DNA sequence: GTACGTAATAACAGCGTTGTCATTCGGCTT
DNA sequence: AAGCCGAATGACAACGCTGTTATTACGTAC
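Chains as they are written, first to last, in our numbering: chain U, 49 to 396; chain L, 49 to 396.
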């Protein structure tokens with residue numbers, strides 16, 4: 049690899065000192081236009097790429113973000129990852145991904161090791177890890193910057209950067225949509241206990257029922273996990289009710305896909321005999337028949353914005369050390385996507 | 049972050065020179081047992097983690113692998129990623145992931161920039177990139193070590209590290225399984241042109257037909273892409289044949305899932321009226337009804353072994369510079385998984 | 001007990017950047 | 001034209017580690 053060009057070569061070719069080159073690459077300012085052009089030209093000519101290692105070492109900071117997650121679902125993870133990556137590339141950061149398991153007792157140690165080893169500038173944490181107080185406390189203790197993505201409809205704690213995803217209102221909207229279709233016997237299949245989203249979504253469901261004067265029916269509410277299998281089991285159980293529900297709102301698309309299968313195996317038509325809605329707008333929801341009504345979560349955008357905010361936050365930290373600074377808070381609200389699984393009308 | 053402990057602190061505490069500590073952390077040998085213990089004790093006590101940046105800079109090498117892929121499918125990518133990561137963690141390497149698009153003309157430049165920026169020790173490349181000569185040539189020119197994962201049943205080129213996945217024989221086996229079930233009118237839905245696997249699998253299919261004296265029927269062979277949508281379209285087209293096939297072998301599970309839907313929409317029962325097989329053993333294949341017969345690709349293991357071989361190869365390169373060295377070649381063969389979509393008998 | 005060879009250890013100079021601080025430049029005031 | 005000041009630039013010392021080369025310790029043979 050002829051990737052030899054160092055800052056020295058550039059400086060020499062441009063006829064300036066290495067420090068000036070450094071100023072240019074870091075956009076520090078205080079460089080005259082003429083000089084800047086000379087330097088940039090030299091950089092292009094030599095195809096110069098600053099050495100990350102040297103940069104990190106000398107600056108005793110790093111240009112790498114970490115993405116910490118507990119593999120909730122392949123599409124979500126990949127969407128997040130890609131979104132973060134896009135932002136990182138633009139900003140000249142690197143991404144270190146770190147899947148880990150909530151079940152793992154030593155997760156705190158694991159995170160600590162990771163942060164130290166990789167010299168990360170900051171972390172992006174997605175649920176359910178981002179909703180575990182002990183994890184957040186540990187990170188605070190490590191004194192590492194992070195932005196967490198959580199399910200909540202309002203700012204709950206403004207001391208650290210956060211992305212709020214308003215699952216509750218979106219679930220409310222889905223439930224209202226079902227009610228509009230004439231349903232009153234609406235069941236709910238809830239996802240994992242440890243994901244706040246599953247509770248938020250259920251809350252939205254209950255609020256919608258209440259608003260429309262519908263008595264919630266305990267036997268229509270089953271708790272489980274975010275999985276196809278639970279969808280199948282949960283729907284089967286629902287169908288055991290003497291008075292069967294006419295609609296099932298599933299906490300995510302995977303559950304919905306499972307429910308869909310169980311329902312159709314039972315010989316019921318969807319949506320005429322049973323409406324089914326999911327949540328997330330994952331590819332799943334488009335690969336079932338009929339396609340699933342769901343709530344579209346802009347995961348990729350969430351990821352990008354989260355990364356972007358974190359990077360900005362880090363920059364401001366470097367400048368105003370110690371001082372108070374703006375702590376980013378972002379809000380997202382999944383949007384209802386009406387498809388065939390809940391209504392007869394639409395085009396396919 | 050009190051992550052202050054440097055090699056100096058450790059050296060001081062252990063009463064040795066920093067070089068000795070370096071020897072210990074790098075397992076260079078030539079350290080007396082007593083000294084080694086002292087040093088290790090100090091490392092533990094200070095919770096010392098070598099600084100990656102300094103390490104890379106001083107050694108002018110790096111401990112990071114890159115995983116380059118063109119997002120073929122979420123489950124595959126994630127399996128690969130996790131496998132590589134597991135190995136990396138054990139060996140103290142980092143992983144930089146790099147999704148990119150085959151369609152992108154400047155992909156070569158992109159790779160070059162990435163390699164330079166991230167100071168990568170080596171690359172792991174999966175299909176279809178690993179099967180594009182121009183990409184491999186570019187990497188050779190960059191003089192970066194890499195291991196490629198390709199679809200092939202025998203060693204084709206022994207000059208660079210390679211993982212061979214024998215799709216052909218696995219496809220042969222699946223086809224034979226269908227023939228054993230009494231099928232002779234077997235259709236084939238092929239995946240993307242640019243993936244060698246799609247051709248290899250088709251070859252296996254054709255070879256099985258030939259072995260059993262079945263005349264291949266051109267109108268039973270449709271080319272498309274690795275997607276659910278193509279599965280739907282392809283199956284529809286197949287059903288237009290006057291003499292319909294009785295079995296569809298789909299190039300992967302996604303296609304199979306699509307085909308399954310189209311077939312059932314057409315009112316045909318699976319497997320009694322139409323058998324359907326997939327390939328890959330992705331979660332898809334277990335979340336359809338009936339479950340899909342498929343070929344299990346040990347993606348996670350492939351990834352681990354690939355990473356492991358690459359790391360070993362890099363190490364041997366460092367030692368025997370210039371000299372001839374063992375170039376790793378690994379072979380994998382997906383295994384037939386019989387499920388309900390091709391046979392009536394089995395338990396659900 | 002001396003000499004010798006090898007294994008174990010240390011000293012020290014980089015690696016390619018950035019941070020700090022000193023210096024020079026260019027324009028503006030007087 | 002001298003004096004001044006902020007902006008632009010440069011010199012040089014870190015950053016924490018590894019590679020290289022020099023030095024010391026230890027065991028063995030005579």
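Note that beta-carbon positions come from the ideal geometry of N, C-alpha and C, so glycine has one too. Quick caveat, the model's predicted, so the values are computed rather than measured.
Taking the beta carbon of residue 133/U as reference, the chain L residues within 9 Å of it are 145, 146 and 147, listed in sequence order.
For residue 136/L, the three-state secondary structure derived from DSSP is helix. At a cut-off of 8 Å between beta carbons, residue 104/L contacts chain U. Between the alpha carbons of residue 269/U and residue 173/U lies a gap of roughly 30 Å.
Contact between residue 376/L and residue 361/L is confirmed by a C-beta separation of about 6 Å, below the 8 Å threshold. C-alpha of residue 346/U to C-alpha of residue 218/U: approximately 12 Å in a straight line. Contact with chain U is absent for residue 387/L, since none of that chain's Cβ atoms lies less than 8 Å from the residue's Cβ. In this structure, the alpha-carbon of residue 132/U lies about 24 Å from that of residue 140/L. Scanning chain L for C-beta atoms nearer than 7 Å to the C-beta of residue 165/U yields 97 and 100, reported in chain order. By the rule that beta-carbons nearer than 8 Å mark a contact, residue 123/U touches chain L. Rounded to the nearest whole angstrom, the CA to CA distance from residue 340/U to residue 187/L is 44 Å.
Residue 106/U counts as exposed, since fewer than 16 other beta carbons sit within 10 angstroms of its beta carbon. One finds nothing in chain L with a Cβ atom closer than 9 Å to the Cβ of residue 138/U; even the nearest lies about 13 Å away. Nearest to residue 198/U by alpha-carbon distance, out of 216/U, 175/U and 78/U, is 175/U. Look at the segment 293-313 of chain L: the residues with a C-beta under 7 Å from a C-beta of chain U are 305, 309 and 313.
Proximity of residue 130/U to chain L, defined by a Cβ-Cβ separation below 8 Å, is satisfied.
Each residue's CA atom was taken as its position, placing residue 300/U and residue 77/U some 49 Å apart. DSSP places residue 188/U within a helical segment (H, G or I) once states are collapsed to three. For residue 143/U, the pairing in a beta bridge is given by DSSP as 113/U.
At least one beta carbon of chain L lies nearer than 8 Å to the beta carbon of residue 126/U.
Between the segment 151-159 of chain U and the segment 123-137 of chain U, the count of C-beta pairs closer than 8 Å stays below three; the two stretches do not touch.
Remark: C-beta atoms of residue 253/U and residue 294/U do not approach each other more closely than 8 Å. Under the DSSP definition of a beta bridge, residue 194/U partners with 171/U. For residue 226/U, the closest C-alpha among the options 108/U, 387/U and 190/U is that of 387/U. Take the alpha-carbon of residue 160/L and the one of residue 181/L: they are about 16 Å apart.
The straight-line gap separating the alpha-carbon atoms of residue 137/L and residue 183/L is approximately 28 Å. Contact of residue 241/U with chain L by beta-carbon distance below 8 Å is absent, the smallest such distance being about 22 Å.
Counting only runs of at least 4 residues, the segment 267-303 of chain U fully encloses the following alpha helix (DSSP H) elements, listed from N- to C-terminal order: 276-287. Secondary structure at residue 392/L: coil, using DSSP grouped into helix, strand and coil. Counting other Cβ atoms within 10 Å of its Cβ, residue 374/L stays below 16 and is therefore classed as exposed.
The straight-line gap separating the alpha-carbon atoms of residue 240/L and residue 271/L is approximately 8 Å. According to the DSSP assignment, residue 220/L belongs to the alpha helix (DSSP H) that extends over 215-228. Nearest in C-alpha terms to residue 321/L, of all of 308/L, 72/L and 144/L, is 308/L. Three or more Cβ pairs closer than 8 Å define a contact, and the segment 52-72 of chain L falls short of that threshold against the segment 350-360 of chain U. Using a 10 angstroms sphere on the CB of residue 99/U, the tally of other CB atoms reaches 16 or more, which defines it as buried. The Cβ of residue 290/L sits no closer than 8 Å to any Cβ of chain U.
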